[in-house]
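Going by the numbering used here, the first residue of the sequence shown is number 2, and it counts up by one from there.
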Amino acid sequence: MKPVDFIRPVAGINRPIDKNSSAQGTGFKDAMVQALQTTSDLQKESGRLSKEFQLEKSTASLEQTMLVGVKSNIAFQSTLQVRNRLVQAYTDILNMQV
Numbered sequence: 002m003k004p005v006d007f008i009r010p011v012a013g014i015n016r017p018i019d020k021n022s023s024a025q026g027t028g029f030k031d032a033m034v035q036a037l038q039t040t041s042d043l044q045k046e047s048g049r050l051s052k053e054f055q056l057e058k059s060t061a062s063l064e065q066t067m068l069v070g071v072k073s074n075i076a077f078q079s080t081l082q083v084r085n086r087l088v089q090a091y092t093d094i095l096n097m098q099v
């Protein structure tokens, strides 16, 4: 008997969730993938503008370069905090007494 079989009657779970359901794909995973992609794009743009600004014939302004750098930093810090919270939640769940 699987561990989940013990809690099914209590939780009212009759059958496993179908992985092909239509609700899948709009959840936390997709939000995280989108956030990570946005953070990556901002970091790439910040690096590109920084390199471009250092050239003598630069088309990037200092204000634009600094603004993208700050946006990139905020996105990275937010992603880092979400990761820290997820690791903490995972650790809390592992330490729960069953």
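Glycine included, C-beta positions come from ideal geometry on N, C-alpha and C.
Mind checking which residues open and close the alpha helix (DSSP H) that includes residue i?
i: Q98; result: Unbroken run through Q98: none, as it is neither H nor E.
i: E46; result: F29 to Q55
How many Å lie between residue i and residue j at the Cα?
i: Q44; j: Q98; result: 41 Å
i: R86; j: F54; result: 36 Å
i: Q35; j: D42; result: 10 Å
i: A90; j: D31; result: 19 Å
i: K58; j: E64; result: 16 Å
i: F7; j: E46; result: Note on F7: pLDDT 47, under 50, position unreliable in the model; no value is reported.
i: L37; j: V88; result: 16 Å
i: S73; j: S62; result: 17 Å
Under 8 Å by Cβ, that's how I've got residue i and residue j pegged, so tell me the actual separation to the nearest angstrom.
i: A76; j: T39; result: 6 Å
Quiz item: Counting Cβ pairs closer than 8 Å, one from the region 61–73 and one from the region 86–99, do we hit at least three?
Solution: no
Self-check item: Meets three-Cβ-pair contact criterion under 8 Å: the region 43–57 and the region 78–92
Solution: no
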